[in-house]
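Quick note on this note's numbering: the sequence shown kicks off at 10 and runs consecutively. Just so you know, even glycine gets a beta-carbon here, dropped at the ideal spot from N, CA and C. If you're wondering where the values come from, they're calculated on a predicted model, not measured in any experiment. What follows is a set of notes on a single structure, which appears directly below.
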Amino acid sequence: MAVVLTIDNVEYVGYEENEPESYVLNLNNKYIKILKEDYCHIQKGSYLVYKVDDENVKGGILIKFIDPSIFVLKNENDMYIWSINIEDSDVYIKDKKLIKREKQMKEQLFKLYNEGYIKILDEPMTQD
């Protein structure tokens with residue numbers, strides 16, 4: 010039988026209580042640092058990352074915020090749910106404007122590909 014975790018009357022079937030591995034991520038491009046006083050304004054479903062050390066981060070989708078600095082996150086790839094007290098760490102959220110622009114660019118490129126204006130090559134083109 011599958012494990013079911015229940016948080017705020019929402020059942021998470023197949024998830025386990027565990028923290029994912031940390032990874033290296035360049036936060037400069039697509040992420041905005043969130044101030045501690047703004048934690049309460051983060052919407053559920055937002056993808057957050059937090060620093061584990063100077064180089065590594067962990068990230069997940071926010072499913073619950075407990076004031077003043079406890080986040081309950083889920084990782085849909087690993088099927089993990091965990092809580093973290095972010096007292097002494099920085100929290101970042103994806104820049105939605107940048108993500109929207111990238112999505113529009115990808116859609117435009119796909120449209121051009123479907124119309125035959127762009128080809129996928131087996132090898133990169135070399136410039137002489």
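Looking at the secondary structure, which residues open and close the beta strand (DSSP E) in which residue i lies?
i: Y89; result: Y89 to N94
i: E20; result: V19 to V22
i: Y56; result: Y56 to K60
Alpha carbon to alpha carbon, how far is residue j from residue i? Give it in angstroms, no decimals.
i: E132; j: E30; result: 34 Å
i: L95; j: Q113; result: Note that residue 95 is Ile in the sequence shown here, rather than Leu. The straight-line gap from Cα to Cα measures roughly 34 Å.
i: N35; j: D62; result: 13 Å
i: E46; j: K73; result: 16 Å
i: I43; j: A11; result: 36 Å
i: V33; j: Y40; result: 14 Å
i: K109; j: S92; result: 29 Å
i: L57; j: P77; result: 16 Å
i: Q136; j: F119; result: 24 Å
i: K115; j: G23; result: 32 Å
i: D104; j: Y21; result: 27 Å
i: E26; j: I16; result: 12 Å
Residue i: buried (16+ other C-beta within 10 angstroms of its C-beta) or exposed?
i: K53; result: exposed
i: F145; result: One cannot answer for residue 145 here, as it falls past the ends of the chain, which runs 10 to 137.
i: Y126; result: exposed
i: G6; result: Examination of residue 6 is not possible in this model, given that the chain is present from 10 through 137 alone.
i: Y122; result: exposed
i: L71; result: buried
i: I129; result: exposed
i: L82; result: buried
i: V100; result: buried
For residue i, which three-state DSSP category applies?
i: E30; result: coil
i: L14; result: strand
i: L36; result: helix
i: K45; result: helix
Identify every run of the beta strand (DSSP E) within the region 62 to 134, keeping only runs that are complete inside it and at least 3 residues long; order them along the chain. 65 to 75, 79 to 84, 89 to 94 and 100 to 103
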